[in-house]
Amino acid sequence: MSLSQSASPKTKVPFEQAYEVYHYAESLCSQMVRIACEEKEIAWGSRPIMLQEVSKDGNNLSEHYLSVNPRGTVPTLVHEGTPVYDSFEIIKYLDAQNADSGERLYPDDAALRSGIEAWVNETALFDDGEFGKSLGMAIPMLSAPLIKHCLKQQSLWQIWSGFRAHPISSRRKGFRLLRLFPIPDKVIARAARTTARALVHIEKTLAESDDWLLGPFTQADVMLMAHFHRLEDVALGGLLTGDTLPHTAAYWQRLQQRPSYQAAVLDFHDEAWRQAISAVFGDRDSPMSSLVQSEIARHKPS
Ligand SMILES: N[C@@H](CCC(=O)N[C@@H](CS)C(=O)NCC(=O)O)C(=O)O
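Residues in the sequence shown are numbered consecutively from 8, following our numbering.
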């Protein structure tokens with residue numbers, strides 16, 4: 008089974024700048040690609056997209072955007088008219104095309120590449136992946152209460168018709184179910200356990216490197232920067248401060264100090280998403296916080 012559509016033949020799309028990114032301000036995968044552009048010091052044209060699950064005015068399933076990305080997901084990189092899909096592939100593509108500019112995010116060194124690949128597998132959001140299995144497939148589940156809140160701002164009719172054309176059948180169904188029914192506890196609990204295990208793995212890895220995840224700053228750090236930001240959005244940011252995971256807490260501080268965090272993440276806020284965060288969590292910790300904490304305690308080396 009192919010987890011990526013990057014290998015499919017692509018039709019050229021109109022373009023004005025060499026690099027254009029179709030993206031949604033608050034999407035995890037869009038953040039990853041914007042961070043990579045900043046780290047690579049690449050000038051890019053912004054093509055903002057609104058997601059149907061965030062607003063009734065969403066245009067990711069419009070005829071126009073489906074002609075750019077037939078799966079209707081963001082981000083898409085368009086390089087001189089050629090679309091490139093999947094954030095984790097886009098980052099490698101940007102790095103290969105601009106090897107001499109900015110940070111080397113996916114260096115030639117074979118050992119480093121295999122380390123990066125393992126972290127890409129852990130942190131990527133695969134279109135057809137199993138939700139809850141890895142950090143990349145768990146974080147969207149932890150975000151589900153925010154998406155549910157946004158979906159509830161839309162009428163049942165808007166949901167029904169809005170998602171009718173979603174090219175990914177599991178999402179066509181999933182967004183409608185999320186609008187109608189409570190999120191099953193066991194789904195969220197699995198995501199919380201996976202997140203805890205991944206954080207302990209990150210902590211152990213950092214204990215040996217104490218700089219970036221694999222030594223030099225790479226694609227793995229780009230992807231984690233976006234995930235950690237999302238943990239804050241879902242009121243689990245407390246896991247990244249204090250003494251629970253000290254190496255991870257210090258690493259998160261270092262990540263936030265990189266100019267790319269400001270330029271590619273903090274500078275791209277969307278009102279509907281921010282409003283969902285304050286409506287769902289306010290100033291409270293996530294109800295998942297204690298479960299994640301106890302799982303961390305179970306897996307953490309004493
Ligand atoms: N494999 C893709 C996943 C992209 C993806 O699922 N993006 C989300 C936002 S983070 C999206 O577009 N959601 C809209 C939808 O599924 O309708 C990637 O890595 O870029």
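Every residue gets a Cβ at the ideal spot worked out from N, C-alpha and C, and that includes glycine.
Small disclaimer: the values here were computed from a predicted structure and weren't measured.
Nearest-angstrom Cα separation, counted from residue 163 out to residue 121: 46 Å
Contacts around residue 170, its chain only, beta-carbon distance under 7 Å, and the 5 residues preceding and following it disregarded: The answer, listed in chain order, is 59, 179, 182 and 183.
Residue 201 versus residue 74: straight-line alpha-carbon distance, rounded: 35 Å
Reduced DSSP secondary structure (H/G/I, E/B, other) of residue 53: Residue 53: strand per DSSP, three-state reduction.
The region 103-115 contacting the region 191-211, beta-carbon criterion three pairs below 8 Å: Taking 8 Å as the limit for Cβ pairs, the verdict is that the region 191-211 does not touch the region 103-115.
Strand pairing of residue 30, partner residues [DSSP]: 55
Spatial distance of residue 269 from residue 82 (CA atoms): Rounded to the nearest angstrom, the two C-alpha atoms are 19 Å apart.
Segment contact flag, the region 25-39 with the region 49-67, C-beta cutoff 8 Å, min 3 pairs: yes
Straight-line Cα distance separating residue 221 from residue 212: 8 Å
Cα-Cα separation between residue 89 and residue 306, rounded to whole angstroms: 44 Å
Length at least 4, wholly inside the region 240-288: the alpha helix (DSSP H) runs in chain order: 253-264 and 278-287
Straight-line gap, residue 125 to residue 246 (C-alpha atoms, nearest Å): For residue 125 and residue 246, the distance between alpha carbons rounds to 23 Å.
Those residues which DSSP pairs with residue 219 across a bridge: 222
Coil, strand or helix - residue 212 by DSSP: It is helical.
Neighbourhood of residue 17 by C-beta, 7 Å cutoff - its chain only, sequence neighbours within 5 removed: 89 and 90
Other residues of its chain near residue 153: CB distance less than 8 Å, five sequence neighbours each side excluded: 240, 241, 280, 283, 284 and 287
Euclidean distance between Cα positions of residue 290 and residue 208: Roughly 28 Å separates the two Cα atoms.
Those runs of the alpha helix (DSSP H) which lie wholly inside the region 124-166 and span at least 4 residues: 142-149 and 151-159
Residue 79: CB within 7 Å of a non-hydrogen atom of ligand 1: It does: the Cβ of residue 79 is within 7 Å (strictly closer) of some heavy atom of ligand 1.
Given 8 Å, three or more beta-carbon pairs between the region 251-268 and the region 231-238: yes
Same chain, Cβ closer than 6 Å to residue 156, five either side skipped, listed in chain order: Contacts found: 283, 286 and 287.
Among 172, 36, 159 and 107, the one whose alpha carbon lies nearest that of residue 71: 172
Candidates 33, 151, 31 and 40: closest to residue 227 by CA position: Relative to residue 227, the option among 33, 151, 31 and 40 whose CA is nearest is 40.
Exposure of residue 249, with buried meaning 16 or more beta-carbon neighbours within 10 Å: It counts as exposed.
Contact test: residue 58 Cβ vs ligand 1 heavy atom, cutoff 7 Å: yes
Option nearest residue 145 by Cα separation, candidates 214, 46, 206 and 80: 206
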